[in-house]
Amino acid sequence: MKSLLISTVLFLFLAPVAAQSASPAVTVTSIPVPGGGPLEYLAVNSQTNRIYVTSLFGNQVSVIDGATNTVTATVQVGSCPIAIDVNPATNMIYAGNGSGGSVSVIDGSSNAVVATIGGFSFPYGIRVNPVTNQIFVSAFGAHTVSIVDGATNQVIGTIPVGVGPYGLAVNQRLNLVYVANLNDGTISVIDAASQTVTNTFSLPQGARPGNIAFDAKTNELFVTAPANAVIYAVDATSGALVATITGGKSPLQSPIDVKVWQTGKALVADDSGTNLLLQVSEISNQAVAKISGGSVPFGIAVNTVTGKIYVAEQGAGTVNVYSLR
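Using this note's numbering, you'd call the opening residue of the sequence shown number 8 and step up by one each time.
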């Protein structure tokens, strides 16, 4: 049953590969990642210049040195790791083990698992608030988000949200958490201090929201919907739909992940259906550059210090490194 649910969720995100032309850009390098794939999501510690990528069937997290673009360590975690995030203040990494029902805590200094937190039903989303040292874990199977105290690695609260919570985003200043509920087309807004849902935003009818990014400067959420072939831009206060990003003349097919690249200005997103990395203007809410070179791109991470973009390429078993500067 567990493997069936994971396969079902992955099916919702994957789409047939189609070739397309794209705008030119610089591909720095392609980093082979050994072990069982497919590669899922990534996290970057910009302070240490380390990149972490989960491998679903390898049950591992690979550590990449951003200076040398090489895999320097492989950390065995729980069963089917998917989600991952890092607290740069503590240098701790949190990997959600999809069918293992747990979160592995990795010390970035030693690349060793120092704790395993159990009790989650398919933890498909993880985000950290480094200001409060709290970790938020979406439990897809339980329709909840749990709050973990990073100092004790203990669950200190569990909040019911929408149906099938997946991607998360954090507003560090207001201590809010935004939850993309895949199976009911909503976004839950959690006040982490009171551990309550304070608002629920409804996306257009039939929406299947996956991953979500928050830009604090524009106060907007950007939500991928692979099954709908769009990215939604949503006002983070009112929940109003600001724009529906379709890709323009080269329509999106299956946009998987989205990250803020330049605060208040630009996003990066990937499309596993066209094998493209896209630069999206937050001003026009349009794709302004499309970069080819990947093979079934999935997770994205951005190093805010170097400006480099890291993409997990499921079709090639690599992490591609891009520089758009």
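For every residue, glycine included, the Cβ atom is placed at its ideal position computed from N, Cα and C.
Excluding five sequence positions before and after isoleucine 133, the CB atoms of its chain that fall closer than 8 Å to its own CB belong to Ala90, Ile91, Asp92, Tyr101, Ala102, Gly103, Val110, Ile142, Phe143, Val144, Ser145, Leu175, given in chain order. Counting other Cβ atoms within 10 Å of its Cβ, serine 62 reaches 16 or more and is therefore classed as buried. For serine 153, the number of other beta carbons within 10 angstroms of its own is at least 16, and it is reported as buried. For a cut-off of 8 Å, the C-beta gap from valine 78 to proline 41 is around 7 Å, short enough to register as a contact. Nearest in C-alpha terms to aspartate 72, of all of Gln161, Glu47, Ser116, Phe127, is Ser116.
As summarised for the segment 140-208, there are no continuous alpha helix (DSSP H) elements at least 4 residues long confined to that stretch. The Cβ neighbour count for proline 167, taken over all protein chains shown within 10 Å, is under 16; the residue is labelled exposed. Here glycine 105 is actually not in contact with glycine 324; their C-beta atoms are around 19 Å apart, not less than 8 Å.
A distance below 6 Å between beta-carbons, with the five flanking residues on each side excluded, links alanine 236 to the following residues of its chain, in chain order: Leu259, Gln260. By DSSP's assignment, serine 117 forms no beta bridge with any residue. Taking 3 residues as the minimum length, the beta strand (DSSP E) runs contained wholly in the segment 201-281 are 203-209, 219-222, 227-232, 237-242, 248-252, 262-269, 273-278, in order along the chain.
Scanning Gly246, Val155, Ser53 for the CA closest to the CA of serine 195 turns up Gly246.
Partner residues in a beta bridge of asparagine 76, as assigned by DSSP, do not exist.
By DSSP's assignment, threonine 36 forms a beta bridge with Val328. Taking all protein chains in view, the Cβ of valine 121 is surrounded by fewer than 16 other Cβ atoms within 10 Å, so the residue is classified as exposed. With distances taken between CA atoms, serine 53 lies nearest to Thr313 out of Gln321, Gln202, Phe147, Thr313. Annotated three-state conformation of isoleucine 290 is coil, per DSSP. Judged by their CB atoms, leucine 49 and isoleucine 58 are nearer to each other than the 8 Å cut-off. DSSP, read as helix, strand or coil, puts proline 41 in coil. Here the alpha carbons of valine 155 and glycine 164 stand approximately 7 Å from one another. Contact between glutamate 227 and valine 204 is ruled out by a C-beta separation of about 20 Å, above the 8 Å threshold. CA-to-CA, the gap between asparagine 282 and threonine 193 works out to about 27 Å. One thing to note: valine 51 has its Cβ no nearer than 8 Å to the Cβ of valine 68. Beyond the five residues adjoining it in sequence on each side, asparagine 182 comes within less than 8 Å, by CB distance, of Asn136, Val138, Thr139, Asp198, Ala199, Ala200 in the same chain, given in chain order. DSSP, reduced to helix, strand and coil, places glutamine 321 outside both helices and strands of the structure shown, so it counts as coil.
Selection Thr231, Asn190, Asn118, Asn98 evaluated against valine 170 yields Asn190 as nearest (Cα-Cα).
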